[in-house]
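K.L.:
In our numbering, the protein residues as written are 1 to 288.
1) Sort 216, 273, 257, 154 by Cα distance to residue 24 and report the nearest one.
2) Can you check the segment 40-120 for any alpha helix (DSSP H) of at least 4 residues that lies completely inside it and give the ranges in chain order?
3) For residue 270 and residue 279, I'd like the C-alpha separation in whole angstroms.
4) Taking the alpha-carbon of residue 260 as reference, which of 176, 199, 243 has the nearest alpha-carbon?
5) For residue 118, does the count of other Cβ atoms within 10 angstroms reach 16, so buried, or fall short, so exposed?
6) Are at least three pairs of beta-carbons, each pair with one atom in the segment 167-186 and one in the segment 197-211, less than 8 Å apart?
7) Would you list the one or two residues that DSSP bridges to residue 15?
8) With a threshold of 16 other CB atoms inside 10 Å of the CB of residue 66, please say whether the residue is buried or exposed.
9) Quick check on the burial criterion: 16 or more other C-beta atoms within 10 angstroms. Buried or exposed for residue 249?
10) Pull up the distance between the alpha-carbon of residue 21 and that of residue 12, whole angstroms please.
11) Relative to the alpha-carbon of residue 215, which residue among 75, 54, 100, 30 has its alpha-carbon at the smallest distance?
12) Opposite residue 28 in the DSSP bridges: which residues?
13) Take the Cβ of residue 125 as the centre, count every other Cβ of all protein chains shown within 10 Å, and call the residue buried at 16 or more, exposed below.
Below is the structure:
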């Protein structure tokens, strides 16, 4: 017990106390009086959080909440699908370990650096992406993506796929390595093709891994901050604003810790719900 005391003190000081204070700030006013859900209501009524009149018929900004949902809707399938595809392709390729290390480089790259890389990749004068579209004759996309409201959020999402796909690839590679080769040998004897082997052996065996990939990716997408702050600071005109960045602006630009705490509480609630889903999924997989 005494050996664990230093760790418990650190957890209490760095996690429990700040979390309790954040929760308290979310439900009281500046004078310390009970405010109920007033700060949550103010956050949800803020056009920077939710602009229902603009979505989906008008270009961004749609509000940070919608931007986070769009991020999940686009980034999650792209990252998961690319990670699985890379794991399958590099499974039997000579030099696959080296290629996996290159892909995983994005995962270990600091997101601040990733934000700078995205700015360069999508820059009109120096970027690879605008140059590619310029050569294809698509002039509407041959410009600095992060400077235009309709392109800033897609640029961040597409750029961050490489930064996170390595995580999915490594987990899927480990999952593929754990599948007994005897299953595939028996399937080959029965004349099963690639798709049949994938459908009946590979994919069912990878479902627990997929649950981990999905849960961790969604959590990362909900709390994304440094990449957006470095690349666009939520601009132009709030077109790439996300909840974590809005929380930062509430706290350090608007000097409104109560609204910042309300956003933090909402993000924590979403995190807990996703964690609960993951635990139930894992328990169901073990029983199955």
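Just so you know, even glycine gets a beta-carbon here, dropped at the ideal spot from N, CA and C.
Keep in mind that this is a model prediction, so the values were computed, not measured.
P.N.:
In short, the structure shows the following:
1) 257
2) 64-89, 96-108
3) 14 Å
4) 243
5) buried
6) yes
7) According to DSSP, residue 15 bridges with nothing at all.
8) buried
9) buried
10) 12 Å
11) 75
12) 34
13) exposed
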